[in-house]
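So for the sequence shown, full-length UniProt numbering puts the first residue at 302; every next one is plus one. Backbone N, C-alpha and C fix where the C-beta goes; we use that ideal spot for every residue, glycine too. Accompanying notes for the structure given below.
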Amino acid sequence: AKEDGRNTYKFYTEDMTQKVFERIALESKLRQSIKDENFMLYFQPQINGKDNRIMGIETLIRWEDGHKNFISPATFIPVAEETGLIIPLGQWILRSGMQQIVKWHADGLYPGRLAINISMLQLQKHDFISILEMLLEETGCQPQWLEIEVTESQIMKNPEQMILILQKINKLGISLSIDDFGTGYSSLSYLKRFPIDTLKIDQSFVKDLSDNEEDKAITKAVIALAESLNLRVIAEGVETEEQKSFLVSNGCINIQGYLYAKPMPADEMEKMLRGSL
Ligand code: C2E
Ligand code: CA
Ligand code: CA
Ligand code: CA
């Protein structure tokens with residue numbers, strides 16, 4: 302038994318060492334890739350489920366490590382946050398997203414608002430608002446072409462501070478959306494005080510909509526909540542006709558998910574905007 306215990310311990314430390322090495326390797330690759338601008342923005346349309354028209358677009362970052370390996374943002378965004386690299390990376394995302402939306406408008410296309418995911422660490426930087434203003438000016442992007450997405454759990458970590466920051470963003474004319482809604486325990490009193498436009502129903506509720514009664518109830522409750530607060534509501538991760546029809550018939554018209562389109566590079570998104578995809 303003692304022997305076993307020691308082996309287990311040894312295995313555990315080797316495993317930890319391995320993890321630490323992987324983390325350090327990932328961090329240095331990430332640092333280099335930010336210098337080299339080795340990232341791409343992908344775009345996923347948000348569709349009106351009643352008439353199938355594009356209402357807006359969410360941008361999602363993609364990282365190809367130089368060896369044809371795609372690393373998921375779910376893996377590297379947390380590392381970027383822990384290391385502070387999210388600040389330069391986040392600024393690159395904002396600038397590139399703004400440049401793209403400006404280009405589409407200049408080409409006479411109607412992409413709707415571009416939703417950009419922002420990490421709370423970025424929002425909390427004292428110069429975030431002045432960077433936003435600088436980028437709007439630099440790119441010629443209209444604030445009403447943008448929506449900023451922040452997750453509910455991040456906002457609720459420090460709601461009083463967030464209200465002040467969100468108010469400043471709102472004053473600039475940029476819309477705000479609460480991402481992954483339903484997972485972060487907002488209180489109604491805070492929701493009323495956040496200057497937000499949109500609630501985004503978390504995809505974990507959408508996933509089992511067809512057979513999970515609890516998820517149906519939560520989804521209906523979020524839609525009712527949005528209605529009563531006069532907010533737009535959108536569902537993400539919609540993959541089936543069945544999920545879509547449940548959502549649309551219960552009042553959630555805005556649909557995002559593989560049912561319509563996966564996130565795609567800018568040129569494909571452009572074809573779709575031109576109605577040729
Ligand atoms: P999120 O903001 O909640 O984005 C939704 C995720 O669901 C995206 O994964 C998207 O590709 C995926 N998705 C969309 N439709 C479907 C569907 O029908 N089914 C399924 N199963 N998945 C769907 P992705 O692109 O891997 O991004 C993962 C997370 O990484 C995002 O979650 C967001 O938290 C973060 N992220 C992505 N891009 C950015 C970014 O530019 N900035 C920041 N700060 N975070 C980002
Ligand atoms: Ca999002
Ligand atoms: Ca989400
Ligand atoms: Ca998420």
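Taking only three categories from DSSP, how would you classify residue i?
{"i": "S420", "result": "coil"}
{"i": "M565", "result": "strand"}
{"i": "M463", "result": "helix"}
{"i": "G391", "result": "helix"}
{"i": "M356", "result": "strand"}
{"i": "N531", "result": "coil"}
{"i": "E537", "result": "coil"}
{"i": "R396", "result": "helix"}
{"i": "D366", "result": "coil"}
{"i": "N471", "result": "helix"}
{"i": "L560", "result": "coil"}
What are the boundary residues of the beta strand (DSSP E) that includes residue i?
{"i": "F495", "result": "Looking at the DSSP string, F495 is not in any beta strand (DSSP E), and its letter there is neither H nor E."}
{"i": "Q347", "result": "F340 to N349"}
{"i": "L548", "result": "That residue, L548, is in no beta strand (DSSP E); its alpha helix (DSSP H) goes E542 to S550."}
{"i": "S476", "result": "S476 to F482"}
CA-CA distance, residue i and residue j?
{"i": "L331", "j": "T376", "result": "11 Å"}
{"i": "G398", "j": "L342", "result": "7 Å"}
{"i": "Y559", "j": "H427", "result": "37 Å"}
{"i": "G367", "j": "H406", "result": "32 Å"}
{"i": "M356", "j": "D568", "result": "18 Å"}
{"i": "G552", "j": "V523", "result": "10 Å"}
{"i": "N339", "j": "R396", "result": "15 Å"}
{"i": "N353", "j": "K545", "result": "11 Å"}
{"i": "I402", "j": "E315", "result": "47 Å"}
{"i": "L424", "j": "G441", "result": "21 Å"}
{"i": "K369", "j": "S487", "result": "40 Å"}
{"i": "D408", "j": "I430", "result": "28 Å"}
{"i": "E439", "j": "W364", "result": "25 Å"}
{"i": "S476", "j": "I464", "result": "14 Å"}
Alpha carbons only, please: which of the options is nearest the one belonging to residue i?
{"i": "V549", "options": "M421, A326, A562 and A525", "result": "A525"}
{"i": "G474", "options": "E528, P564, I358 and L437", "result": "L437"}
{"i": "G350", "options": "M573, Y561, M565 and R396", "result": "Y561"}
{"i": "E323", "options": "P444, R363, V380 and N353", "result": "V380"}
{"i": "I358", "options": "T318, L410 and I388", "result": "L410"}
{"i": "L422", "options": "P444, I402, G391 and T541", "result": "G391"}
Starting from residue i, trace the alpha helix (DSSP H) both ways and give me its first and last residue.
{"i": "I378", "result": "P374 to T384"}
{"i": "S505", "result": "Q504 to K508"}
| query | Quick one: complete beta strand (DSSP E) runs, 3+ long, within the stretch 404–454? | reply | The stretch 404–454 is shown to contain whole beta strand (DSSP E) runs of 3 or more residues at 414–418 and 447–452, in chain order.
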